[in-house]
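Each number in our numbering corresponds to the 1-based position in the sequence shown with 1 added.
Here the structure comes first, spelled out in structure tokens, and everything after it is commentary.
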Amino acid sequence: MDLNEAKEFLVKAKKKDKIYSSYIIFGGNRKERKECVVFLLKLLHCKETLPCNKCTSCRQIEKGVHPDTKWIVPSKSILSIDDVRWVKDDIYITPYYGGRKIYIFEIDYMRAEAANSFLKVLEEPPSYGTLIIQSSNINFFLPTIVSRCQKIRLNYKLPEYTEDMIKIYQQFTDISGYLRNKNFFGFFKAIDAFVADRDREEVEEDTGKILLFYRDIYLKKAGISDDFLVNKEVDESFLYADKDIFSIMEKILELKGRIRYNINLRLALDYLFLQINR
């Protein structure tokens with residue numbers, strides 16, 4: 002749905018008194034997601050059917066200072082166990098205004114320990130508690146978490162498994178293979194070729210595809226249904242590799258974020274592959 006349709010959906014839910022204790026707003030762009038979240042916050046806090054934009058709550062939300070609205074924006078967009086512990090402690094403190102107490106998580110990933118703890122908060126929130134996940138996609142969240150949230154999808158669908166993805170995966174596997182075989186000449190030559198054919202934006206996009214590759218391995222190892230996978234035919238050899246898949250995903254995500262700045266792409270990719278194949 003587009004942004005206006007999402008707002009209409011939320012208004013109808015309020016009129017029918019069908020407000021959920023947890024939401025996940027994903028897809029679209031960052032501006033659209035933020036606008037949707039702010040609209041929902043006003044809708045939940047404002048006493049009018051539609052946000053009046055005049056009351057104390059609406060004005061505080063607009064300024065980002067509402068005392069019963071907490072924003073959790075962790076570095077690298079990865080939710081940690083410490084973030085969840087803080088929420089678990091804070092959520093049971095009575096709301097300042099006596100209405101709802103709302104937590105917004107601007108995240109794209111959750112550490113395994115954080116995901117398990119977060120699931121418990123989703124299952125047993127206080128009557129006044131509301132959790133909102135704001136994310137670019139839901140690919141990297143456990144389906145058990147996604148299924149417990151009211152989903153608001155802003156023009157988003159699971160990426161298709163394309164020939165281009167297969168090509169990127171093969172290049173990635175070849176580069177890793179050179180390292181495992183200690184063929185450093187082949188490794189550096191392959192890195193040069195990978196960077197030479199792409200500009201900065203293309204490298205960031207292709208890094209995202211590699212992230213999806215490991216995301217599928219992570220979910221497959223967790224026993225998740227193939228319905229949630231981009232690549233339904235995950236290489237079985239990766240499933241039994243003695244590696245911390247989430248740690249690898251974290252390193253790829255870190256590189257993906259750094260690519261936007263003027264770092265040396267060749268050195269950044271060297272470092273990434275050396276870290277992954279230690």
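Heads up, the beta-carbon is just placed ideally off N, CA and C, and yes, glycines get one too.
Query	Result
Nearest-angstrom Cα distance between residue 72 and residue 208?	28 Å
Return the residue from the list 6, 111, 201 that minimises the CA-CA distance to residue 145.	111
What does the alpha-carbon distance come out to for the pair residue 66 and residue 106?	16 Å
Since I believe residue 141 is in contact with residue 31 (beta carbons under 8 Å), could you give me their beta-carbon distance rounded to a whole number of angstroms?	Between residue 141 and residue 31 the Cβ distance is about 17 Å, and since that is not below 8 Å, they are no contact.
Return the chain-ordered list of same chain residues with a C-beta closer than 6 Å to the C-beta of residue 134, the five sequence neighbours on each side being excluded.	25, 106
Are there 16 or more other CB atoms within 10 angstroms of the CB of residue 132, so buried, or fewer, so exposed?	buried
Please state whether DSSP places residue 93 in a helix, a strand or coil.	coil
Let me know the secondary structure DSSP gives residue 107 once reduced to three states.	strand
So, does the segment 262–274 touch the segment 160–169, judging by three or more C-beta pairs under 8 Å?	no
To the nearest angstrom, report how far apart residue 222 and residue 247 are at their CA atoms.	11 Å
Does the structure place the segment 77–84 close enough to the segment 44–60 that three or more beta carbon pairs sit under 8 Å?	no
Using a 10 Å radius around the Cβ and a threshold of 16 neighbouring Cβ atoms, would you call residue 57 buried or exposed?	exposed
Assign residue 79 to buried or exposed, taking buried as 16 or more other Cβ atoms, counted over all protein chains shown, within 10 Å of its Cβ.	buried
Taking the alpha-carbon positions, what's the residue 88 to residue 104 distance?	8 Å
Pick from 259, 258, 245: whose alpha carbon is nearest that of residue 277?	245
Is it buried or exposed, residue 226, if we count other Cβ atoms within 10 angstroms and call 16 or more buried?	exposed
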